[in-house]
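Position 158, counted from 1, in the sequence shown is what the numbering used here calls 211; the numbers after and before it change by one each time, with no gaps. Even for Gly, the Cβ is constructed at its ideal location relative to N, Cα and C. On a predicted model such as this, the values are computed, not experimentally measured, just so you know. Comments concern the structure below.
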Amino acid sequence: MDPIVKQAYEAAKALYAQHGIDTDDVLRKLETIKVSMHCWQGDDVKGFLNADQELTGGISVTGQYPGAARTPEELRSDLEKAFALIPGKHKVNLHAIYTDTDEKVELDQLEPRHYERWVTWAKEQGLGLDFNPTCFSHEKSSDGFTLSHPDEDIRQFWIDHCKASRRIGAYFGEQLGQTCVTNVWVPDGFKDNPVDRMTPRKRLKASLDEVFAEPLDPSYNLDAVESKLFGLGSEAYVVGSHEFYMGYGLQNNKLICLDAGHFHPTEVISNKLSSLALFTSGILLHVSRPMRWDSDHVVIMDDELIEIGRELVRHDLLGTTHIGLDFFDASINRVAAWVVGTRNTIKALLRAMLEPVETLKKLELEGDYTSRLALTEEFKSYPFGAIWDYYCEAQGVPVREQWIAEVKEYEQNVLLQRG
Ligand SMILES: C[C@H](O)[C@H](O)[C@@H](O)C(=O)CO
Ligand SMILES: [Mn+2]
Numbered sequence: 054m055d056p057i058v059k060q061a062y063e064a065a066k067a068l069y070a071q072h073g074i075d076t077d078d079v080l081r082k083l084e085t086i087k088v089s090m091h092c093w094q095g096d097d098v099k100g101f102l103n104a105d106q107e108l109t110g111g112i113s114v115t116g117q118y119p120g121a122a123r124t125p126e127e128l129r130s131d132l133e134k135a136f137a138l139i140p141g142k143h144k145v146n147l148h149a150i151y152t153d154t155d156e157k158v159e160l161d162q163l164e165p166r167h168y169e170r171w172v173t174w175a176k177e178q179g180l181g182l183d184f185n186p187t188c189f190s191h192e193k194s195s196d197g198f199t200l201s202h203p204d205e206d207i208r209q210f211w212i213d214h215c216k217a218s219r220r221i222g223a224y225f226g227e228q229l230g231q232t233c234v235t236n237v238w239v240p241d242g243f244k245d246n247p248v249d250r251m252t253p254r255k256r257l258k259a260s261l262d263e264v265f266a267e268p269l270d271p272s273y274n275l276d277a278v279e280s281k282l283f284g285l286g287s288e289a290y291v292v293g294s295h296e297f298y299m300g301y302g303l304q305n306n307k308l309i310c311l312d313a314g315h316f317h318p319t320e321v322i323s324n325k326l327s328s329l330a331l332f333t334s335g336i337l338l339h340v341s342r343p344m345r346w347d348s349d350h351v352v353i354m355d356d357e358l359i360e361i362g363r364e365l366v367r368h369d370l371l372g373t374t375h376i377g378l379d380f381f382d383a384s385i386n387r388v389a390a391w392v393v394g395t396r397n398t399i400k401a402l403l404r405a406m407l408e409p410v411e412t413l414k415k416l417e418l419e420g421d422y423t424s425r426l427a428l429t430e431e432f433k434s435y436p437f438g439a440i441w442d443y444y445c446e447a448q449g450v451p452v453r454e455q456w457i458a459e460v461k462e463y464e465q466n467v468l469l470q471r472g
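As structure tokens, this is what we get:
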């Protein structure tokens, strides 16, 4: 252990102890928290099934940074590099288009065997896997509709794809001994004001009922549904709105996925957790960073990330909340994007765990808002960085910015060789 890191930790530990916070305990708890790192940051949401297809569904990746993964092997190598720079053991979130198979297979025909190599790798790496049907970047979604499509055959195709996806999720869970969260997001919506807002929602509801009809062991697979306010090309109306999925999820005991970029620009998901948690058995988060729109920027330590961490910690929601990441930036090194976003998400949880929550709650209850504000502000400059550095060192990953040199070396030796 680096003596400077150790010394700084001991000094910080003593400061936190004055407020009854046991930093060793905090780090033991932090170690148990898994973040689901999304595979699609590694190749700009292309996947391997129909890699030539244009990215559709109202999402967009901008940037030309070299080195995107072109094969499952390359993507796994990049993920391994990122995980080597992130403390803790985590999960990888796969989209259906990230098959690893020599077969040419359609989305509605997918089977667990098309992901066997991912499972073998996840076992070797001690990682969990999550899953998502891919209801975009396909000729059958070219007019912007999938599970709510008016054409029965097309709708059935997407229903069958989502059913297949749940079985793949259950296979992941059973094989890896870690529950897989399979998250359904569909882009369906209208660019301009619709006349009939209700009928597409009726069709989406009926489709979901079919998708979820098969009972699966919840210790293997948990279903989630993800809403959205608008997308590129669905600015006026999205079928799967927040109200739609909140209703559907509550009525059908599904995890409700809150994506930080899927609401009005000033609306935050942190403020939703304490309400939803009262009525759901669990929540899925897509931690992202919308900039003026659902831009999916890399997650930074901004006010909203700090607040998400606080809500999860203060209300003891870590046991029932599945934390996933969802951003894609092709203008910077993609491995670095993962590392920055994932380290920040874990660090935000640590920051929240290092706050004197009981004292603050007591002050609030007593109506001493002056002390509540003053103490909250003072804690912003408490030395959580020293605890973080110690955690990184203890977990065998680079301390502070030392990881940047490793990414640069990997870029030279691996990413730039991809042409
Ligand atoms: C690629 C993901 O499925 C996608 O980002 C989805 O989760 C989403 O947030 C769409 O805006
Ligand atoms: Mn999302």
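Next on the checklist: Going by C-alpha to C-alpha distance, which of V340, L326 and I359 sits closest to D369?
Outcome noted: Residue mapping note: residue 369 aligns to position 316 of the sequence shown, counting from 1. Checking every option, the nearest Cα to that of D369 belongs to L326.
Item to check | Rounded straight-line distance, which links the Cα of A389 to that of K461 | outcome: Residue numbering aside, residue 461 sits at position 408 when the sequence shown is read from its first letter. Residue numbering aside, residue 389 sits at position 336 when the sequence shown is read from its first letter. Approximately 9 Å between the Cα atoms of the pair.
Checklist entry - Which runs of the alpha helix (DSSP H) spanning at least 4 residues fall entirely within the segment 223-288, listed in chain order? => result 251-264
Item to check | Completely contained beta strand (DSSP E) runs for the segment 127-171, where each covers 3 or more residues | outcome: 144-148
Item to check | Other residues of its chain near V264: CB distance less than 6 Å, five sequence neighbours each side excluded | outcome: One-based indexing of the sequence shown puts residue 264 at position 211. Excluding positions up to five away in sequence, the list reads I212, C215 and K216.
Checklist entry - Excluding sequence positions up to five away, which residues of its chain have a Cβ less than 8 Å from the Cβ of S341? => result One-based indexing of the sequence shown puts residue 341 at position 288. The residues are D312, A313, G314, D347, D349, H350, V352, L378, D379 and F380.
Item to check | Candidates S294, S323, D155 and L329, of which the one nearest L308 by Cα | outcome: Walking along the sequence shown from the start, residue 308 turns up at place 255. Per the Cα distances, L329.
Checklist entry - Which class does V98 belong to by DSSP, given the choice of helix, strand or coil? => result In the sequence shown, the residue the question calls residue 98 occupies position 45. It is coil, neither helix nor strand.
Checklist entry - What is the DSSP secondary structure of R345, reduced to helix, strand or coil? => result If you number the sequence shown from 1, residue 345 lands on position 292. Here R345 sits in coil by DSSP.
Next on the checklist: Closer than 7 Å to a non-hydrogen atom of ligand 1 - does that hold for the CB of E126?
Outcome noted: For the purposes of this step, residue 126 is taken as the residue at position 73 of the sequence shown. E126 Cβ: outside cutoff for every heavy atom of ligand 1.
Checklist entry - Opposite V291 in the DSSP bridges: which residues? => result Looking up residue 291 in the sequence shown gives position 238. DSSP, once it has assigned bridges, lists G242 as partnering V291.
Checklist entry - For S89, which residues does DSSP report across the bridge? => result As a first step, residue 89 must be located in the sequence shown, where it is residue number 36. Looking at the DSSP assignment, S89 forms a beta bridge with K144 and G377.
Checklist entry - So, are the CB atoms of T235 and D262 less than 8 Å apart? => result Stepping through the sequence shown from its first residue, residue 235 is reached at position 182. Stepping through the sequence shown from its first residue, residue 262 is reached at position 209. Not closer than 8 Å, so no.
Checklist entry - Given a threshold of 16 other Cβ atoms within 10 Å of its Cβ, counted over all protein chains shown, does T423 qualify as buried or as exposed? => result What you label residue 423 is simply residue 370 of the sequence shown in a count that begins at 1. Per the 10 Å Cβ criterion, exposed.
Checklist entry - With respect to 7 Å, is the separation between the Cβ of K281 and the closest non-hydrogen atom of ligand 1 below this value? => result In the sequence shown, the residue the question calls residue 281 occupies position 228. Because some heavy atom of ligand 1 lies under 7 Å away, the Cβ of K281 counts as near it: yes.
Checklist entry - Between which two residues does the beta strand (DSSP E) containing G394 stretch? => result The residue given as residue 394 occupies position 341 in the sequence shown. No beta strand (DSSP E) contains G394, which is instead part of the alpha helix (DSSP H) from R387 to M406.
Checklist entry - How about H339: is its Cβ closer than 7 Å to a heavy atom in ligand 2? => result Walking along the sequence shown from the start, residue 339 turns up at place 286. Answer for H339: yes, Cβ within range of ligand 2.
Next on the checklist: Rounded to the nearest angstrom, what separates P253 and G284 at their Cα positions?
Outcome noted: For this step, residue 253 is matched to residue 200 along the sequence shown. For this step, residue 284 is matched to residue 231 along the sequence shown. Whole-angstrom Cα-Cα distance: 17 Å.
Next on the checklist: Given 7 Å as the limit, tell me if D347 has its C-beta closer than that to any heavy atom belonging to ligand 1.
Outcome noted: Here residue 347 corresponds to residue number 294 of the sequence shown, with the count starting at 1. Yes - ligand 1 has a heavy atom lying nearer than 7 Å to the Cβ of D347.
Next on the checklist: Taking the straight line between their C-alpha atoms, what separation do you get for D96 and Q465?
Outcome noted: The residue given as residue 96 occupies position 43 in the sequence shown. The residue given as residue 465 occupies position 412 in the sequence shown. So the two alpha carbons sit approximately 18 Å from each other.
Checklist entry - In chain order, what residues of the same chain lie with their CB nearer than 7 Å to the CB of I376, ignoring the 5 residues before and after it? => result As a first step, residue 376 must be located in the sequence shown, where it is residue number 323. Same-chain partners within the cutoff: V88, S89, L338, V340 and T398.
Item to check | Stretch-stretch touch, CB-based, cutoff 8 Å, three pairs: the segment 118-138 with the segment 435-442 | outcome: no
Checklist entry - Is W238 near ligand 2, judged by its Cβ being under 7 Å from some heavy atom? => result Working through the sequence shown from its first residue, we reach residue 238 at position 185. Indeed, a heavy atom of ligand 2 lies less than 7 Å from the Cβ.
Checklist entry - Taking Cβ positions, are F316 and L358 nearer each other than 8 Å? => result Counted from its first residue, the sequence shown places residue 316 at position 263. Counted from its first residue, the sequence shown places residue 358 at position 305. No, the pair does not count as a contact, with Cβ atoms beyond the cut-off.
Item to check | D312 beta carbon near ligand 1 (any heavy atom closer than 7 Å) | outcome: Your numbering for residue 312 matches position 259 in the sequence shown. Answer for D312: yes, Cβ within range of ligand 1.
Checklist entry - Below 8 Å between beta carbons: does that hold for L147 and F184? => result Residue 147 sits at position 94 when you count from the first residue of the sequence shown. Residue 184 sits at position 131 when you count from the first residue of the sequence shown. Cβ atoms of L147 and F184: closer than 8 Å.
Item to check | For G472, the three-state DSSP class (helix, strand or coil) | outcome: Your numbering for residue 472 matches position 419 in the sequence shown. Coil at G472, not helix or strand.
Checklist entry - For G57, is the classification buried or exposed, using 16 other Cβ atoms within 10 angstroms of its Cβ as the cut-off for buried? => result Sequence index remark: in the sequence shown, residue 57 carries index 4 (1-based). Here the sequence assigns Ile to residue 57, which means Gly is not the residue at that position. The residue in question, I57, is exposed, as its Cβ has fewer than 16 Cβ neighbours within 10 Å.
Next on the checklist: Just checking D379 against ligand 2 - is the residue's beta carbon closer than 7 Å to any of the ligand's heavy atoms?
Outcome noted: Stepping through the sequence shown from its first residue, residue 379 is reached at position 326. Flag set: Cβ of D379 near ligand 2.
Checklist entry - Could you give the C-beta distance for N305 and G226, rounded to a whole number, given that I count them as a contact under 8 Å? => result Counting from 1 along the sequence shown, the entry for residue 305 is found at position 252. Counting from 1 along the sequence shown, the entry for residue 226 is found at position 173. About 19 Å separates the two Cβ atoms, so there is no contact after all.
Next on the checklist: T395 and I139 - do their beta-carbons sit closer together than 8 Å?
Outcome noted: Against the sequence shown, residue 139 aligns to sequence position 86. Against the sequence shown, residue 395 aligns to sequence position 342. Cβ distance < 8 Å, so I139 and T395 count as in contact.
Item to check | Where the alpha helix (DSSP H) through G181 begins and ends | outcome: What you label residue 181 is simply residue 128 of the sequence shown in a count that begins at 1. From DSSP, G181 is part of no alpha helix (DSSP H) but of the beta strand (DSSP E) over G181 to N185.
Next on the checklist: Can you list, in chain order, the residues of its chain with a C-beta nearer than 6 Å to that of L83? Leave out the 5 residues immediately preceding and following it.
Outcome noted: Translated into the one-based positions of the sequence shown, residue 83 becomes position 30. These residues qualify, in order along the chain: L403.
Checklist entry - Just to check, is the beta-carbon of I112 closer than 7 Å to a non-hydrogen atom of ligand 1? => result Position 59 of the sequence shown holds residue 112. Yes, the beta carbon of I112 sits closer than 7 Å to at least one heavy atom of ligand 1.
Checklist entry - In terms of alpha-carbon separation, which member of D204, D245, P271 and G197 lies closest to W238? => result As a position in the sequence shown, residue 238 is number 185, starting the count at 1. Selected option, being the one with the closest Cα: G197.
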